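Using the numbering used here, the first residue of the first sequence is number 437, and each one after it goes up by one.
Just so it is clear, CB atoms sit at the ideal spot from N, CA and C, and this is done for glycine as well.
These numbers come from a predicted model, not from an experiment.
Read through the structure below, which is laid out as structure tokens, and then see the notes.
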Amino acid sequence: MRARGRRWGRADLTGDPLLVARALLGAYVVAGPVRLRLTEVEAYWGSKDPGSHGYRGMTPRTEVMFGPPGHLYVYRSYGIHWCANIVCGTAGECAAVLLRAGEVVAGHDVVAERRPGVPVRDLARGPGRLTKTLGLVGEDDGASLVGRGAPFALYGPPEPVPDTIVRTGPRVGVSGPGGDGETYPWRMWIDGEPSVSVYRPGKVRRG
DNA sequence: TGTATGATTGGCT
DNA sequence: GCCAATCATACAT
437 MRARGRRWGR ADLTGDPLLV ARALLGAYVV AGPVRLRLTE VEAYWGSKDP GSHGYRGMTP
497 RTEVMFGPPG HLYVYRSYGI HWCANIVCGT AGECAAVLLR AGEVVAGHDV VAERRPGVPV
557 RDLARGPGRL TKTLGLVGED DGASLVGRGA PFALYGPPEP VPDTIVRTGP RVGVSGPGGD
617 GETYPWRMWI DGEPSVSVYR PGKVRRG
């Protein structure tokens with residue numbers, strides 16, 4: 437049996453979202469019988485960040501992101517998929533880390549039922565696929581990952597993920613503040629992981 | 001009340 | 001590489 441990392445609490449998610457995102461690489465998300473090792477994440481930082489849903493202030497949808505760290509922010513993407521974030525930062529500011537990709541390390545039987553015919557490396561390769569594999573839906577928006585009785589849980593990496601295998605780059609599908617397709621390098625992933633999603637540049641706006 | 005848009009994916013050319 | 005699917009959200013009217 438592989439050693440298991442320490443269960444994370446609210447304190448582990450408090451602070452700079454970029455540092456939290458880095459720390460989440462290699463961490464485990466537990467949803468019922470399914471456990472996922474995170475291999476790719478993106479940071480979103482509220483009012484500093486035109487790419488964030490919370491950039492223009494709090495709305496009913498983004499309310500969770502302004503709350504205390506340790507909760508899920510789940511939203512519908514393109515009317516079809518669900519995408520999941522872990523709220524981090526500090527209560528009152530808007531910060532979250534989008535879960536983009538991971539590797540299934542437990543609960544394969546359940547996942548196989550949920551996602552028949554899907555190749556192993558594609559099970560959680562991309563944010564929409566990841567939520568499907570974990571079974572996350574809109575009703576899980578606001579649910580907690582920390583504390584006793586939380587429906588979900590988060591465990592730190594069993595072994596530290598060294599900086600030498602961590603890569604950073606522009607976020608996927610987000611156009612940056614410059615407008616020229618410039619983006620913040622707030623996407624982070626573990627190099628060489630087959631589950632890491634394919635990069636696609638954000639839509640170029642006319643101009 | 002109407003409408004444009006998107007932190008995507010899967011299927012087809 | 002290109003494009004449709006499909007709907008909640010945000011914002012204009």
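Between the alpha carbons of Val597 and Leu474 lies a gap of roughly 11 Å. The region 521 to 530 makes contact with the region 502 to 509: 3 or more CB pairs, one atom from each, lie closer than 8 Å. Under the Cβ criterion (8 Å, minimum of three pairs), the region 529 to 543 counts as touching the region 466 to 482. Segment contact: the region 455 to 471 against the region 532 to 546, three or more CB-CB distances shorter than 8 Å; contact assigned.
Collapsing the DSSP output to three states places Ala457 in a helix.
By a beta-carbon distance limit of 8 Å, Glu476 does not contact Ser580. Their separation comes to about 23 Å.
Ile516 sits in coil when the DSSP states are folded into three classes, being neither helix nor strand.
Per the coordinates, the alpha-carbon of Leu566 lies some 9 Å from the alpha-carbon of Trp518. Relative to Arg557, the option among Ala537, Glu595 and Thr600 whose CA is nearest is Ala537. Residues of the same chain with a CB within less than 7 Å of the CB of Thr498, apart from the 5 flanking positions on each side, are His489, Gly490 and Cys530 in chain order. The three-state secondary structure of Leu572, taken from DSSP, is coil.
Annotated three-state conformation of His544 is helix, per DSSP.
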